[in-house]
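K.L.:
Please find one structure pasted underneath; my questions will follow.
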Amino acid sequence: AVGDCWLVAAFASVAEYPDAIRNAFITREFNQSGKYRVRLYDAQAGKWEVVTVDDRIPCAKGSFSPHFMQLHGREAWAVLLEKAFAKFCGSYADLSGGRPVWAWRALTGDRVFNLLKENEQWTRYNFISTP
Numbered sequence: 014a015v016g017d018c019w020l021v022a023a024f025a026s027v028a029e030y031p032d033a034i035r036n037a038f039i040t041r042e043f044n045q046s047g048k049y050r051v052r053l054y055d056a057q058a059g060k061w062e063v064v065t066v067d068d069r070i071p072c073a074k075g076s077f078s079p080h081f082m083q084l085h086g087r088e089a090w091a092v093l094l095e096k097a098f099a100k101f102c103g104s105y106a107d108l109s110g111g112r113p114v115w116a117w118r119a120l121t122g123d124r125v126f127n128l129l130k131e132n133e134q135w136t137r138y139n140f141i142s143t144p
């Protein structure tokens, strides 16, 4: 989705820890039904939610090119995960303008925070659970 670079950045950084991506998927192998279950942490509710998505990826009109995130080789995890986040948030349009720390928390369930340096001093800000 246009405006979901924050989500793509979060995926890229979390992908450095393959187990974190693997753990997000309940359905880890290709299946004939085309249904995949993904778990995402809802920090506001304080619990894991299971989101079911299918393998029908929105494409640009008149083409087979995905309208949002692109496939890379035979790996579909990022496209399916983006679709799960879109469903979790309400729609692809609702992914516009978020923060990577929110996605990190949703993917891992871990507590996250921001560090900000102002006037040569670091300040820690605890993350509030909104995209």
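In my numbering, the protein residues as written are 14 to 144. Glycine included, C-beta positions come from ideal geometry on N, C-alpha and C.
#1: In its own chain, which residues sit with a C-beta less than 8 Å from the C-beta of S26, not counting the 5 before and 5 after it?
#2: Just the C-alpha distance for T40 and A119, rounded to the nearest angstrom, thanks.
#3: Buried or exposed, going by whether 16 or more other CB atoms sit within 10 Å of the CB of K60?
#4: What residues are listed by DSSP as bridge partners for K130?
#5: Can you tell which of L128, L129, L93 has the C-alpha that lies nearest to the C-alpha of V64?
#6: Determine, using beta-carbon pairs with one atom in the stretch 64-73 and one in the stretch 118-133, whether at least three such pairs fall under 8 Å.
#7: Going by C-alpha distance, which of A56, P71, G111 is nearest W19?
P.N.:
Judging by the given coordinates:
#1: P113, W117
#2: 17 Å
#3: Around the C-beta of K60, fewer than 16 other C-beta atoms lie within 10 Å, and the residue is accordingly described as exposed.
#4: W135
#5: L93
#6: These segments do not touch.
#7: Looking at the Cα atoms, G111 is the closest of the given residues.
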